[in-house]
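Enquirer: First residue of the sequence shown? That's 54 in our numbering, and the numbers climb one at a time after it.
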Amino acid sequence: MDIPYLELVLTTRCTLRCESCNNLMQYFSPSNQYTCTLEGIIESLDLLLSKVDSIARVRIIGGEPLLFKYLPQLIDYLDTQKKILTFSLVTNATIDFKDELMKKLKNLIRLEKLRFQTTKDRQI
Numbered sequence: 054m055d056i057p058y059l060e061l062v063l064t065t066r067c068t069l070r071c072e073s074c075n076n077l078m079q080y081f082s083p084s085n086q087y088t089c090t091l092e093g094i095i096e097s098l099d100l101l102l103s104k105v106d107s108i109a110r111v112r113i114i115g116g117e118p119l120l121f122k123y124l125p126q127l128i129d130y131l132d133t134q135k136k137i138l139t140f141s142l143v144t145n146a147t148i149d150f151k152d153e154l155m156k157k158l159k160n161l162i163r164l165e166k167l168r169f170q171t172t173k174d175r176q177i
């Protein structure tokens, strides 16, 4: 079985509260916000990958995925998975990319694109 598309929500925390947020983050109160663990994400993806032939595209989203402190390690993991054909990262670009993350992004094999989304749902 081939999965064409998978969204990976790392956290509901965000630096903005856009009323037009496609992921409905504006409805998560601070007391209801969550952030996944790296171990939990990898465990879930390992299980899923053991059951499928491929995932054509994984889209990393949030909240704001740059708030996920293990993003460089997750990107390393995704890039080494042969069953994941491509992946992309969607950010609102309100946080600077850390040097470690930039170094990793430059050398990726499977990164399809970085998408910067503004509050008006336009790509930059």
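Idealized CB from N, CA, C, for every residue including glycine. All values reported here derive from a predicted model rather than from experimental measurement.
#1: At what residues does the alpha helix (DSSP H) containing I94 begin and finish?
#2: Can you name the start and end residues of the alpha helix (DSSP H) that L119 belongs to?
#3: In angstroms with no decimal places, state the Cα-to-Cα distance between L119 and F150.
#4: On the criterion of 16 or more Cβ atoms from any shown chain inside 10 Å, does I148 qualify as buried, or is it exposed?
#5: Where does Q176 land, buried or exposed, given buried means 16+ other C-beta within 10 angstroms?
Expert: The relevant details are as follows:
#1: L91 to K104
#2: L119 -> no alpha helix (DSSP H), and no H or E assigned at all.
#3: 7 angstroms
#4: exposed
#5: Its pLDDT being 44, under 50, Q176 is placed unreliably in this model, and the value from its coordinates should be taken loosely. Classification of Q176: exposed, given that the 10 Å Cβ count is below 16.
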